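**Q** The structure under discussion is supplied below as structure tokens; questions concerning it will follow.
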Amino acid sequence: MLSQEDLLQIGNHFTKLGEIFTNAAKQQSEVVESTKKVPKDPNAPKRPLSSYIMFCNDNRDKVRNQHPGISSQDISKILGEMWNSINEVEKKRYELIFQRQKQRYQEEIREYEQLKNLQQRTAIDPMHETFELANSFASGIVKFD
């Protein structure tokens, strides 16, 4: 059997343990709040639609007309079943469109990143524009009349 002193000591340990858990929970919530989502740049190129999404966009109205009054969730289920049942040739057609759009997106994102880097450099270095102009004069690209 535990003495009164032992019980008091155990109680103190539990109190300290409770404080530790409370402090840890506060720190955890602070960490979660600090990892906010970075806002997307509205000028950034849009990602291409997947082959499945293109298929759904092409067939959604047809399904809606065949089943008037059906919920959006049920339309999505029907479209999923249709996607799984179409032949490989049809899927391949959507996949090829996706691949072309993906290549175009990668080119656009590369150009966008280059432009973004150039804008950041010019914002950091105000002499950059003057240097580029002087360099153009020196190389003969731009002629001074």
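When we follow UniProt numbering, the leftmost residue of the sequence shown carries the number 1, and every step to the right adds one.
All C-beta atoms, glycine included, are put in the ideal place defined by N, C-alpha and C.
Everything numeric in this text was worked out from a predicted model, so none of it was measured.
Can you name the start and end residues of the alpha helix (DSSP H) that Asp74 belongs to?
**A** That run of the alpha helix (DSSP H) goes Ser72 to Ser85.
**Q** Does DSSP put Lys46 in a helix, a strand or coil?
**A** Looking at Lys46 - three-state DSSP - the assignment turns out to be coil, as it is neither helix nor strand.
**Q** Pairs of beta-carbons, one from the segment 70-86 and one from the segment 3-18, closer than 8 Å: are there three or more?
**A** No, because fewer than three Cβ pairs between the segment 70-86 and the segment 3-18 fall closer than 8 Å, the two stretches do not touch.
**Q** Output needed for Tyr105: all residues of its chain with C-beta closer than 7 Å, excluding positions within five of it in sequence on either side, in chain order.
**A** So the qualifying residues of the chain are Pro45, Arg47 and Pro48.
**Q** Less than 8 Å between the CB atoms is what I'm expecting for Ile75 and Arg93, so what's the real figure, rounded?
**A** That pair is no contact at about 22 Å.
**Q** For Ser3, which three-state DSSP category applies?
**A** Here Ser3 sits in coil by DSSP.
**Q** For Ser51 versus Phe21, is the C-beta spacing smaller than 8 Å?
**A** It is not a contact, given that the beta carbons lie outside the stated cut-off.
**Q** Going by beta carbon distance, what residues of the same chain come within less than 8 Å of Arg110, once the five residues before and after it are set aside?
**A** Nothing listed; no residue qualifies.
**Q** With burial defined as no fewer than 16 other Cβ atoms inside 10 Å of the residue's Cβ, what is the status of Leu79: buried or exposed?
**A** Leu79 comes out buried.
**Q** Nearest CA to the CA of Met54: which residue from Asn43, Asn117 and Glu90?
**A** For Met54, the nearest C-alpha among the options comes from Glu90.
**Q** Would DSSP call His13 helix, strand or coil?
**A** Here His13 sits in helix by DSSP.
**Q** Since Val63 is in the alpha helix (DSSP H), which residue starts that stretch and which ends it?
**A** Unbroken alpha helix (DSSP H) run through Val63: Ser51 to Gln66.
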